[in-house]
Amino acid sequence: MDRRNFMIIGSAAAVAGYAIGKFLPKSSGDKLYLRPPGAVDDFDDLCVKCGQCVQVCPYHSIS
702 MDRRNFMIIG SAAAVAGYAI GKFLPKSSGD KLYLRPPGAV DDFDDLCVKC
752 GQCVQVCPYH SIS
């Protein structure tokens, strides 16, 4: 592949990606929060935000 074909294919891919992005539905803006493993369904209502789960997490994956 020479430089000219590379530029043509790259430009076409960029234009196609932009065009497809215009037709996709927009995000509602709500963030998806993951709950800790084993958490109850209404975890957000029960959490008192004490931070103990962050302190005891052995992998430091909760922040």
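Be aware that the sequence shown starts at 702, since it is given in the working numbering, and climbs by one per residue.
Where is the CB? At the ideal position from N, CA and C, for every residue including glycine.
Is the shortest distance between the beta-carbon of residue i and the beta-carbons of chain C less than 8 Å?
i: Gly711; result: Among the protein chains of the structure shown there is no chain C, as only one such chain exists.
Nearest CA to the CA of residue i: which residue from the options?
i: Lys750; options: Asp742, Ser764, Tyr760; result: Ser764
Taking 8 Å as the threshold (C-beta atoms), are residue j and residue i in contact?
i: Pro738; j: Cys754; result: no
i: Leu747; j: Val741; result: yes
At which residues does the alpha helix (DSSP H) containing residue i begin and terminate?
i: Gly739; result: Note, Gly739: premise wrong, no alpha helix (DSSP H); not H, not E.
i: Tyr760; result: Looking at the DSSP string, Tyr760 is not in any alpha helix (DSSP H), and its letter there is neither H nor E.
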